[in-house]
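Below is one structure, written out as structure tokens, with a few remarks after it.
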Amino acid sequence: MDSFLLVGQSNMAGRGFTNEVPEFENKHLFVLRNGRWQQMYRPVVCDRYFSGVCLAESFADSYSCEHNVDVGLIPCADGGTSLNEWERGGLLYDHAVMQASLAQRTSIIRGILWHQGEAECSSENAARYEEKFLKILNGFREDLNLPDVPVLIGGLGDFLPLCAENFIPWAPVVNCALEHICQTQHQTAFVSAKGLGANPDNLHFNAKALIEFGKRYYAAYQTLAPQAKTAESQHLEDGKIKSEMELL
Numbered sequence: 001m002d003s004f005l006l007v008g009q010s011n012m013a014g015r016g017f018t019n020e021v022p023e024f025e026n027k028h029l030f031v032l033r034n035g036r037w038q039q040m041y042r043p044v045v046c047d048r049y050f051s052g053v054c055l056a057e058s059f060a061d062s063y064s065c066e067h068n069v070d071v072g073l074i075p076c077a078d079g080g081t082s083l084n085e086w087e088r089g090g091l092l093y094d095h096a097v098m099q100a101s102l103a104q105r106t107s108i109i110r111g112i113l114w115h116q117g118e119a120e121c122s123s124e125n126a127a128r129y130e131e132k133f134l135k136i137l138n139g140f141r142e143d144l145n146l147p148d149v150p151v152l153i154g155g156l157g158d159f160l161p162l163c164a165e166n167f168i169p170w171a172p173v174v175n176c177a178l179e180h181i182c183q184t185q186h187q188t189a190f191v192s193a194k195g196l197g198a199n200p201d202n203l204h205f206n207a208k209a210l211i212e213f214g215k216r217y218y219a220a221y222q223t224l225a226p227q228a229k230t231a232e233s234q235h236l237e238d239g240k241i242k243s244e245m246e247l248l
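Numbering of the sequence shown is given in full-length UniProt numbering, commencing with residue 1 and proceeding in unit increments.
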């Protein structure tokens, strides 16, 4: 099974209203629950009682249909959380590493899906986004032994300025930080949220937007996957050579 780690805050967890879009009928989609793979059902990420449709559903469906494989989702996103709460060694970070490590026993992690940033829309936090996030990203790569895994980073919604005044100046700064990370870091891709619609709260993407967002995440993943496959083959070959040398 190929699996994907879901991390970030509420727009990764998913707040789409479940009555607005049909459920996926793909029987090859699974979610890690209590260390075991169960058939995917909503909400995928049960971080709050009002959790709903999430972007990982359409991402997993797209991946499964193209590769004809079972796909497992590892739900670790948590609504309203900041980068400080996601720092390496913190509770959210350690929980994600623990869940991903369990998933690695029965699957191969093929990617990390990240969406977070609304909580960083202030002068101090927006300015330090890249610095803080890179520590988290490098931590996941090291602690899960995934140096070349594709990491997909979603942009913030256009609608945020309609939600609260603090988003007007700082959401664009966070988006610029997200884009710059993907321009400079190995095996990362930015996923634009431009034009996607919101729930009435103008804070969360609506269900139809999340389905589209998931497809955009998969399109971004496709640009990184060939490099990941080449790197994985090289690691396997290096390991084989090392083993053969140890036998000499």
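By construction, the Cβ of each residue, glycine as well, lies at the ideal position given by its N, Cα and C atoms.
Within the same chain, show all residues whose beta-carbon is closer than 7 Å to that of residue i, passing over the 5 residues directly before and after it, in chain order.
i       : result
Lys-208 : Glu-20, Val-21 and Gly-197
Tyr-218 : Phe-59, Ser-62 and Tyr-63
Gly-79  : Gln-9, Ser-10, Ala-13, Asp-47 and Arg-48
Thr-223 : Ala-189
Leu-210 : Gly-14, Gly-16, Val-53, Cys-54 and Leu-55
Glu-23  : Arg-42
State the DSSP-derived secondary structure class of residue i, mapped to helix, strand or coil.
i           : result
Leu-92      : helix
His-28      : coil
Ser-233     : For Ser-233, the pLDDT reaches just 49, beneath the cut-off of 50, and the residue's location in the model is therefore unreliable, although a value from the coordinates is still provided. The answer is helix: DSSP assigns Ser-233 an H, G or I state.
Asp-2       : strand
Gln-222     : helix
Arg-48      : coil
Leu-102     : helix
Val-97      : helix
Leu-146     : coil
residue 289 : Coverage of the chain is limited to positions 1 through 248, which leaves residue 289 absent and any answer about it impossible.
In chain order, what residues of the same chain have a beta carbon less than 6 Å from the beta carbon of residue i, not counting five sequence neighbours either side?
i       : result
Met-1   : Asp-70, Gly-72 and Ser-107
Ala-171 : Cys-121, Leu-156 and Leu-160
Trp-37  : Phe-30 and Gly-72
Leu-162 : Asn-202
I believe residue i touches residue j by the beta-carbon criterion, under 8 Å. Please report the beta-carbon distance rounded to the nearest angstrom.
i       : j       : result
Phe-133 : Ile-181 : 6 Å
Leu-156 : Glu-118 : 6 Å
Leu-55  : Phe-213 : 4 Å
Trp-114 : Val-151 : 6 Å
Gly-16  : Phe-205 : 7 Å
Leu-32  : Leu-102 : 7 Å
Pro-43  : Gly-35  : In fact, because the Cβ distance is near 19 Å, the residues do not count as touching under 8 Å.
Ala-193 : Gly-154 : 6 Å
Gln-187 : Asp-148 : 6 Å
Ala-177 : Tyr-129 : 4 Å
Leu-144 : Ile-109 : 7 Å
Ile-112 : Ser-3   : Between Ser-3 and Ile-112 the Cβ distance is about 10 Å, and since that is not below 8 Å, they are no contact.
Looking only at DSSP bridge pairs, what is residue i linked to?
i      : result
Cys-7  : Here residue 7 turns out to be Val, not Cys, going by the sequence shown. BP columns for Val-7 point to Trp-114.
Arg-33 : Arg-36
Gly-16 : Val-53
Val-71 : Asp-2 and Leu-29
Return the chain-ordered list of same chain residues with a C-beta closer than 8 Å to the C-beta of residue i, the five sequence neighbours on each side being excluded.
i       : result
Glu-87  : Tyr-93, Lys-132, Lys-135 and Ile-136
Lys-27  : Gln-39
Ala-220 : Leu-152, Ala-189, Phe-190 and Val-191
Asp-158 : Ala-193, Lys-194, Gly-195 and Leu-196
Phe-50  : Arg-15
Asn-166 : Cys-121 and Ser-122
Task: Segments assigned alpha helix (DSSP H), at least 4 residues, entirely inside the region 149 to 206 - done: 167 to 184
TODO: Jot down the residue ranges of each uninterrupted alpha helix (DSSP H) in the region 110 to 138, minimum 4 residues, whole runs only, in chain order.
DONE: 123 to 127
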